[in-house]
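As given, the protein sequences belong to chains C and P, one line each in that order. Residue numbering for the first sequence follows our numbering, beginning at 1 and increasing consecutively. Residue numbering for the second sequence follows our numbering, beginning at 122 and increasing consecutively. Think of the CB as a built atom: it goes at the ideal place given N, C-alpha and C, for glycine as much as any other residue. Heads up, the thing below is written out as structure tokens.
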Amino acid sequence: MASILRVNTLTDASSNNSTAMSTINQGTAKSWAYLNGQGTIALQDSFNNSSPTDHGTGEYTFNFTSNMGNAVYSSKFSGISQTNTGANGTTTSSIRVRVRDGSNSNYDSQQVMTGIHGDLA
Amino acid sequence: MASQLKVDTLTGVTTAGSIVVTGEGNSTTTNLQQGLSKVWANLNGSSFGLRDNFNVTSATDNGTGDYTFTIATDMASGDYSLATNAGDNEVAILGCVFLDSASAPAAGSVRIRGTASNGSATDHTYVMIQITGDLA
Numbered sequence: 001m002a003s004i005l006r007v008n009t010l011t012d013a014s015s016n017n018s019t020a021m022s023t024i025n026q027g028t029a030k031s032w033a034y035l036n037g038q039g040t041i042a043l044q045d046s047f048n049n050s051s052p053t054d055h056g057t058g059e060y061t062f063n064f065t066s067n068m069g070n071a072v073y074s075s076k077f078s079g080i081s082q083t084n085t086g087a088n089g090t091t092t093s094s095i096r097v098r099v100r101d102g103s104n105s106n107y108d109s110q111q112v113m114t115g116i117h118g119d120l121a
Numbered sequence: 122m123a124s125q126l127k128v129d130t131l132t133g134v135t136t137a138g139s140i141v142v143t144g145e146g147n148s149t150t151t152n153l154q155q156g157l158s159k160v161w162a163n164l165n166g167s168s169f170g171l172r173d174n175f176n177v178t179s180a181t182d183n184g185t186g187d188y189t190f191t192i193a194t195d196m197a198s199g200d201y202s203l204a205t206n207a208g209d210n211e212v213a214i215l216g217c218v219f220l221d222s223a224s225a226p227a228a229g230s231v232r233i234r235g236t237a238s239n240g241s242a243t244d245h246t247y248v249m250i251q252i253t254g255d256l257a
């Protein structure tokens, strides 16, 4: 049977490693994704992402399933070697990402990875 | 009334590996397990040594700016999300760390490359990684 536990703080059985529920809320990633950005783009795996959008070479929008509470969340990116990956527009429901190679040209990377921390709506 | 729950392990009732947490807006929910970082590490790539980490067995120095992190409890696959960062005490050196193009992320390890802003391989003083995704 599903259950709801209402609690302010979690600790281990020895009362150590105390963690407030607010820390758990704030500390957990609200979205992450691993996208293959080459050819027909495809999410390899993800959390809280619906279908991504391909805007052309090296530009993608990741759309959230459950929106963020505001657009001032923290984002982090990674890509295959010799690429620079960064945010190119954030909203509560999506983040647009641009990937560039070492020559500063847009590049379709096989591995485009995102992580989002912040407040859910 | 404030409350405190003392527990060593949290397990979902319906699905053991899935616990729902109410979000900051007090309405939307998120998944606890999916949101947790499964691996993090802070590596000194210059003198080479892990400063601190979670779920990392060891780091291997494959050469200048070339490191492999071995994961203690494996991920379910290589399809996880990796975030990296790098820097040095010297302001002039802007650090870049990327996935190694010849080594796809694996369930038990990930290989990365550190470069300077001009693209040359560099051992950065601070090399940081974080992984979110599915544990095995």
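Between the alpha carbons of T85(C) and G102(C) lies a gap of roughly 11 Å. Around the C-beta of F64(C), 16 or more other C-beta atoms lie within 10 Å, and the residue is accordingly described as buried.
The shortest CA-to-CA distance from S167(P) to any of T253(P), V134(P), L203(P) and T236(P) is the one to T236(P). Not flagged as an interface residue toward chain C: K159(P), since no C-beta distance is shorter than 8 Å.
A straight-line Cα-Cα distance of about 31 Å links M113(C) and N17(C). When DSSP states are grouped into helix, strand and coil, N49(C) belongs to the strand group.
The alpha carbon of T149(P) has as its nearest neighbour, out of T91(C), N48(C) and S3(C), the alpha carbon of N48(C).
Proximity of the segment 130-138 of chain P to the segment 225-242 of chain P falls short of the contact definition, fewer than three beta-carbon pairs being nearer than 8 Å. Flagged as an interface residue toward chain P: S78(C), by a C-beta distance shorter than 8 Å. I24(C) carries a helical assignment under DSSP once its states are collapsed to helix, strand and coil. Per the DSSP secondary-structure output, F219(P) pairs in a beta bridge with R234(P).
Within its own chain, the residues whose Cβ lies closer than 8 Å to the Cβ of S74(C), once the five positions on either side in sequence are excluded, are I116, H117 and G118, listed in chain order. Beta bridge pairing from DSSP links Q44(C) with no other residue. Around T243(P), the same chain offers G186, G235, T236 and A237 as residues with beta carbons nearer than 6 Å, after the five sequence neighbours per side are excluded. Distance from the CA atom of E59(C) to the CA atom of T53(C), rounded to whole angstroms, is 8 Å. At the C-beta level, A207(P) and S78(C) stay beyond 8 Å of one another. Listed along chain P are G144, T149, T150 and T151, each with a C-beta nearer than 9 Å to that of S66(C). According to the DSSP assignment, Q125(P) belongs to the beta strand (DSSP E) that extends over Q125 to K127.
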